[in-house]
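Colleague: Below is a structure I'd like to ask you about.
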Amino acid sequence: MFTYLLGLITLGVGIVVYLIKRNVFNYLSYLEAWVLHGAGQSQWFPTLEEETLDNQYLPVSSANSGSDRLIFCGGDAQGNLVSLAIERVTRNTAQVKACVWFQDGRKFETFEDEDELLPCTDWTTRGFSFQMMEPFDSWRIVINSIMKYNDTYAHINMRLMWRASSSPIYLHEKSDKNLYYSVEKRADTLWGHDEYGILSGMISVDGDETSLHYLSVKHRSWHPNTDIYVQSDYEQMFTVNFNEGVCSGHFYKCNKSFDIIKTSSIRHDKSKVLIPIPMQHKSVKPYLMDREKIRHCINIIDKQFAFNLKSLFDVQSRFKSIPPLSVLKIPTGKDKDLVDLTDDEAMSTSFVGGKAANLAILKRLTADGKNSLQVSIPSGFCVTVEAYRQHLIRNTTLSNVISQLDSAHEDDLELKCKKLHSLWMASRLEDDFKSTLASHLDENKIYAVRSSGIDEDLRSTSAAGQNESVLGVSGYESVGHSILLCWASLFSYQSVQYRRKNGIKVSSSEMCVLVQELVPEVLAAGVLFSCDPVTGNPWTSILSCNYGLGLSVVGASCDPDTFTLVRDATNDYRVQHKKCGHKENKTVYQDHVIQDVALSSKDISAFSISDQDAIRLTQVGQQIRRLFGFESDIEWVLDQKGNIHILQVRPVTSLHNWTDYELTHELDGPIHEGYDAVTFHNVAEACPGFMSPLSNTCMRVFEDAVDEMINVINDTNVISNNTMMYSYHGAINLMHTMMMVEDDPISQVIVCGQIVSTPEIHRIFLIRNGHVSTSAKLKIGVSYFMKCFRSNYMAQKASFLSQAFIIPESNNPSEMLDNIIRSLPTFQMIGLDFEFPHKTLKLSKSETCLFEVNSKLKSMPPLSVLKIPTGKDKDLVDLTDDEAMSTSFVGGKAANLAILKRLTADGKNSLQKIVSSIINEDPDHKFLSIHCSDAMEWLKLHCVKSHQLMQEFFVKFGHRGNKELDFTCETWSMNKPKVLDMIRNMVEAKINSKPNGNIPEQEQVGERQDRTVQELKNSKIANFLLPYARNIVARREITKNAAVLCFHKIRLAFLHLGKIMQRAGLLPHPRLIFFFTLYELKQLLSGRNVAVVSKALRRERLSPQWDKMIFNPQATGRPTLASGS
């Protein structure tokens, strides 16, 4: 019998050794190979090809025309549905369609009220803005439109974020013209791609707001003829494509797995399709799609929602007339100092600035007689950017001072701006320029000289009122002086501040000037908004006006008359409300100067324009809105003859401003409502409260790495989103952690410190993942054992890598960012050895189980042995007590200190040893009266040994801190006074504490150890595992320390990058860098998206509010705020 057992043991050991050598259980080795061999090197930023595929206009037609559709559609379990679509017919024309279906039966749709296509820029046109935030990851959608429900019309405003929860699924065409889907991009012709995700945000119907959170799909296709259907029961979702009698498709399941539907498994006829979706344990769930019932763009059939994407746009609608703006050929001007407003070059924003270019375009469109716009654009010319550049070349002192503004400190900025203004006004215009200027002027006419910045009057930045305008000048000397004033105003303190806060490099900003004839015999002037600038309602226009020139209105020097006008479905306007302002005076050109003239009592009490004129002006505003394709802010003048003159047209930029709600939820993970459960336990230990966007982005590298391993090794497709952010707080998706295996309470306590499962959570888990098979559990258990076996090697490797981890410094921002990115794989490998989340792996083609890929398993024995209790019935606990390590009992900060104290209890650099040393060297306790900022210097002079111990402590533990896995955290080495204040409190506490009898400290420690042994003496297994468990605790802490050290080195590297970017004029201050994502930083450094700076500043301002948010510890679906938070 003994021989038989010995043989079995020998055979078992031999099999295990063989499997170890074959790396059967060492899944991490696959990941190491993936990272170290460079497969993961390009993952940190999307490639240029990915940016092009997800965002650019892609029809293959050489004529830059052809249908390119972008569609978002989805719904929730209550029957609320939405479909939002834009089809670009040519590169700069589009048509849009939106449909919103509420569970109460209301169905709002956009309606055709124009006979031509809309001008568009990228994926933005009037009322519809689709903005890619990160390729194949997230989009922002803003809809501001009038929609129709039966015979009623409502103003619909939507601000939504779409977040991907799958990888792209590509639509290819074979050589035989048949279409098929693939999860990888192949050599065959590419015709589009789809992605599943979560669409969430706010929707307002005539001001009544509600939130939405929909399971959805993003569809892109530039194929000329595809028949696409989407259907879902909210648990699963699938997309089917019909082309030339061939049916293909793909699906997404509530456990976040997705795949292609095999064409051979689809059964279909002319109207019905049977779709088999593979489920757990090799089962299949059939779904029936009835094409005859899915005729409209949005449908609810048998409690399932369905979308017919082909019905969104009629093919014939692509042949509408082209808007005039889209056919204008605008050249890039060069080598000219002045151009007339009628010249082609005057329509180029990069050559004459936004203000002048918009007027030149409007002048061209009104001059060709192809539209009914009855307005006048005052004649004039533009001083181009070339003239500005040449003036700087000839005045090097100006250039030198301008270059200093980028790195100027806030305290010195205003003084430098004043100095620069003086230098501008002291500079002289070149004689040749004066001659050219004189040839464009009529000495008998009066002119208005207005600034026209390159960055002014754009959709992203309007810069309204930032730069100078001078009215009522004549002669080339006065006009020349006014041009210098306009150039100088680009560097006024308020203008420089505006650009710095919007991420526009000050030294790179350039100014053009618009010179126009002053409108004679002015009756009234003012400002017109083609929509309500507050609510965005496009059927409401706001008009403000006063007698005389518009300076009193634009400069807010008077209380103007205000008209609110509304239109109906027949395009007729009426005055809904008007208010007569207390105007008192008007601005006029009189006696060769611009001056304010007092109004008579009759004029003060009367409206400056009639209702008919207000309606005429509003109709003009709507025509301008249609021509440009955006809601417009228009400055106008009405002369004594009733003629309307347009002085300025710019976009209403406030419509697309980010709201606080959008910023709060911009980076939220995609949570499938009802099928995901999240907890804030565990993550809150290392990073309680607010987590910065940059920290979150860098931590996502682990997620990407293990998803890659899951997909490659196990032949499955999943984006797990295990660790995610919600309102800038880190969270864990419970459905992807091993703690839900058969509702195991021990594993839950290990991961979260307490039992988190509820019957509802467990029910959802079984729906998503099913029961875990015995073989899967065995495989997990053996994997745990293998990783424990390798824990010493992992700890040594992590320690070595962290010490050798160096990020080369550079003074070039782009190069420095590249250096940081190249260092991330090392951090990734160390982090994977330490604190990486649990994942769902696919063990067979249809069976899923839970699997852990990091050293959480290594924390199982130590946590079980350490016995961190939930404290109770105690008002005070010592830092050495077990209860002091419980976050729920003493709080995160105290628990972290207690754990650190426990970890360093036997080390020569322990905090206790420092405290004891200070007490011994300072018998008079003078240290307690020393300010913490002076404490290190005092210790150096009076307590040499303690000073040395403190220095050693900062070397060893200086990278640690309370929120050590967030870049915004100031670690102990970065805030030494804070640590010294803590040491001082510990010294004071030890001095004031009563001696614990006459029992020596060693005897007390021994007594505690004896109690621990007594607790475990009845468990032989525990006694056997105890020394191994203690070793694993130490190794795990070594690995954790290595990961935190690498993270700190990356933190310092980003701070260095922030300082470089501040000196380059890209950031107002270095620490703002932590409020960008990695992709936003790359965009900013490449000059493609300067608007992210203002967004980062708003995140920084809102971060204290976000940090105060307290969420309930766990939730099914989206987290909820705790009461009182």
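Residue numbers (this note's numbering): 403 to 1527.
Glycine residues also receive a C-beta, built at the ideal position from the N, C-alpha and C atoms.
1. Buried or exposed for ASN552, please, with buried defined as at least 16 other CB atoms from any protein chain shown within 10 angstroms of its CB.
2. Starting from the Cα of GLN1050, find the closest Cα among ASP737, ALA759, PRO680, THR1099 and give me that residue.
3. Give the C-beta separation of LEU743 and SER781 to the nearest angstrom, bearing in mind that I take them to be a contact with Cβ-Cβ under 8 angstroms.
4. When burial is assigned at 16 or more other CB atoms within 10 Å of the CB, is TYR1195 buried or exposed?
5. Could you name the residues that DSSP lists as bridge partners for SER547?
6. Does the segment 700-713 touch the segment 630-639, meaning 3 or more C-beta pairs lie closer than 8 angstroms?
7. Taking C-alpha atoms, which residue in TYR689, MET1376, VAL1346 lies nearest to PHE1356?
8. Report the option in LYS988, GLU879, TRP826, LEU831 whose CA atom is closest to the CA atom of ASP844.
9. Helix, strand or coil: which one does DSSP assign to HIS1067?
10. Residue range of the alpha helix (DSSP H) that HIS1164 falls in?
11. Can the beta-carbon of ASP661 be found less than 9 angstroms from the beta-carbon of PRO680?
12. So does the segment 1356-1375 actually touch the segment 1077-1095, counting three or more Cβ pairs closer than 8 angstroms?
13. Quick test of your reading: MET563 and PHE510, contact by CB under 8 angstroms. State the CB separation rounded to the nearest angstrom.
14. Take SER569 as the anchor and find which of ILE558, GLU586, MET1384 has the nearest alpha-carbon.
15. Within this structure, are the beta carbons of ALA850 and LEU873 separated by less than 9 angstroms?
16. In this structure, how does DSSP classify ASP1062 when only helix, strand and coil are distinguished?
17. Rounded to the nearest angstrom, what separates VAL1039 and ASP590 at their Cα positions?
18. In the DSSP assignment, find the unbroken beta strand (DSSP E) run with CYS784 in it and report its ends.
19. Are the beta-carbon atoms belonging to ASP1035 and VAL1054 less than 9 angstroms from one another?
20. Answer yes if the segment 954-967 comes into contact with the segment 816-833, meaning at least three C-beta pairs across the two stretches below 8 angstroms, and no otherwise.
21. Got a sec, what are the start and stop residues for the beta strand (DSSP E) ILE1545 sits in?
22. Once you ignore the five residues that flank LYS847 on each side, which residues in its own chain have a CB closer than 6 angstroms to its CB?
23. Only counting the same chain, and skipping five residues up and downstream in sequence, which positions put a Cβ closer than 6 angstroms to that of SER1525?
24. Starting from THR1020, trace the alpha helix (DSSP H) in both directions and tell me its first and last residue.
25. Assign PHE965 to one of three DSSP states: helix, strand, or coil.
26. Determine whether the beta carbon atoms of HIS842 and LEU740 lie at a separation below 9 angstroms.
27. Quick one: any contact between the segment 1447-1458 and the segment 1067-1080, if contact means 3 or more CB pairs under 8 angstroms?
28. Unbroken alpha helix (DSSP H) runs of length 4 or more, entirely within the segment 1444-1489: which are they?
29. Inspect the beta-carbon positions of GLU1482 and ALA1498 and report whether they are closer than 9 angstroms.
30. For GLU1237, does the count of other Cβ atoms within 10 angstroms reach 16, so buried, or fall short, so exposed?
31. Could you check where the beta strand (DSSP E) with GLY874 kicks off and where it finishes?
32. Which residue from MET913, LEU1523, PRO935, LEU967 puts its Cα closest to that of ILE856?
33. Closest by CA to VAL917, which one among SER897, TYR1130, VAL881?
34. Starting from SER531, trace the beta strand (DSSP E) both ways and give me its first and last residue.
35. Across the segment 720-737 and the segment 483-495, are there enough close Cβ pairs to call them in contact, namely three or more that are closer than 8 angstroms?
36. In the DSSP assignment, find the beta strand (DSSP E) that holds TRP593 and state where it starts and stops.
Modeller: Checking against the coordinates, here is how it stands:
1. In the sequence shown, counting from the first residue as 1, residue 552 sits at position 150. Exposed, by the Cβ-count rule.
2. Counted from its first residue, the sequence shown places residue 1050 at position 648. Comparing alpha carbon positions, the residue from ASP737, ALA759, PRO680, THR1099 closest to GLN1050 is ALA759.
3. As a first step, residue 743 is located in the sequence shown; it is residue number 341 there, counting from the start. As a first step, residue 781 is located in the sequence shown; it is residue number 379 there, counting from the start. Rounded, the Cβ-Cβ distance is 7 angstroms, consistent with contact.
4. Here residue 1195 refers to the residue found at position 793 when the sequence shown is read from its first residue. A residue is called buried once 16 or more other Cβ atoms fall within 10 Å of its Cβ, and TYR1195, having fewer, is exposed.
5. Start at 1 with the first residue of the sequence shown, and residue 547 comes out as number 145. Answer is ILE558.
6. These segments touch.
7. Locating residue 1356 in the sequence shown gives position 954, counting from the first residue. Of the candidates TYR689, MET1376, VAL1346, the residue whose Cα lies closest to the Cα of PHE1356 is MET1376.
8. On the sequence shown, residue 844 is found 442 positions in, with the first residue counted as 1. Distances from the CA of ASP844 to each of LYS988, GLU879, TRP826, LEU831 were compared; the closest alpha carbon is that of GLU879.
9. In the sequence shown, the residue the question calls residue 1067 occupies position 665. Three-state result, HIS1067: helix.
10. Mapped onto the sequence shown, residue 1164 falls at position 762. Counting along the chain, HIS1164 sits inside the alpha helix (DSSP H) bounded by residues 1161-1171.
11. Taking the sequence shown and counting its residues from 1, the one referred to as residue 661 is at position 259. Taking the sequence shown and counting its residues from 1, the one referred to as residue 680 is at position 278. Remark: C-beta atoms of ASP661 and PRO680 approach each other more closely than 9 angstroms.
12. They touch, by the three-pair rule.
13. Here residue 563 refers to the residue found at position 161 when the sequence shown is read from its first residue. Here residue 510 refers to the residue found at position 108 when the sequence shown is read from its first residue. Contact doesn't hold; Cβ gap of about 21 angstroms is too wide.
14. Taking the sequence shown and counting its residues from 1, one reaches residue 569 at position 167. Check the Cα spacing between SER569 and each of ILE558, GLU586, MET1384: the tightest is with GLU586.
15. If you number the sequence shown from 1, residue 850 lands on position 448. If you number the sequence shown from 1, residue 873 lands on position 471. Yes, the pair counts as a contact, with Cβ atoms nearer than the cut-off.
16. Here residue 1062 refers to the residue found at position 660 of the sequence shown. DSSP places ASP1062 within a helical segment (H, G or I) once states are collapsed to three.
17. Residue 1039 sits at position 637 when you count from the first residue of the sequence shown. Residue 590 sits at position 188 when you count from the first residue of the sequence shown. Rounded to whole angstroms, VAL1039 to ASP590 spans 59 angstroms at the Cα level.
18. As a position in the sequence shown, residue 784 is number 382, starting the count at 1. Segment 782-785, the beta strand (DSSP E) holding CYS784.
19. As a position in the sequence shown, residue 1035 is number 633, starting the count at 1. As a position in the sequence shown, residue 1054 is number 652, starting the count at 1. Yes, the pair counts as a contact, with Cβ atoms nearer than the cut-off.
20. Judged by pairs of C-beta atoms under 8 angstroms, the segment 816-833 does not touch the segment 954-967, as fewer than three such pairs exist.
21. Since the first and last residues shown for the chain are 403 and 1527, residue 1545 lies out of range.
22. Within the sequence shown, numbered from 1, the residue matching residue 847 stands at position 445. Here the set comprises GLU919.
23. Walking along the sequence shown from the start, residue 1525 turns up at place 1123. Result list for SER1525: empty, nothing under 6 angstroms.
24. Locating residue 1020 in the sequence shown gives position 618, counting from the first residue. DSSP places THR1020 inside the alpha helix (DSSP H), whose first and last residues are 1013-1030.
25. Position 563 of the sequence shown holds residue 965. In this structure, PHE965 counts as strand in the three-state DSSP scheme.
26. In the sequence shown, the residue the question calls residue 842 occupies position 440. In the sequence shown, the residue the question calls residue 740 occupies position 338. Contact flag set, yes.
27. With a cut-off of 8 angstroms, the segment 1067-1080 and the segment 1447-1458 do not count as touching, because too few Cβ pairs lie within range.
28. List check, alpha helix (DSSP H) in window: 1480-1487.
29. Within the sequence shown, the letter at position 1080 stands for residue 1482. Within the sequence shown, the letter at position 1096 stands for residue 1498. The answer is yes: Cβ separation under 9 angstroms.
30. Here the question's residue 1237 lines up with position 835 in the sequence shown. Model confidence at GLU1237 stands at a pLDDT of 44, short of 50, so the residue's coordinates are unreliable and nothing is read from them.
31. One-based indexing of the sequence shown puts residue 874 at position 472. Its beta strand (DSSP E) spans residues 871-875.
32. Indexing the sequence shown from 1 puts residue 856 at position 454. Comparing Cα-Cα distances from ILE856 to each of MET913, LEU1523, PRO935, LEU967, the minimum goes to MET913.
33. By one-based count along the sequence shown, residue 917 stands at place 515. Residue VAL881 is the option with its Cα nearest to VAL917.
34. Sequence index remark: in the sequence shown, residue 531 carries index 129 (1-based). For SER531, the uninterrupted beta strand (DSSP E) segment begins and ends at 530-536.
35. Flag = yes, the segment 720-737 and the segment 483-495 touch.
36. Numbered from its first residue, the sequence shown carries residue 593 at position 191. Run containing TRP593: 591-607, per the beta strand (DSSP E) assignment.
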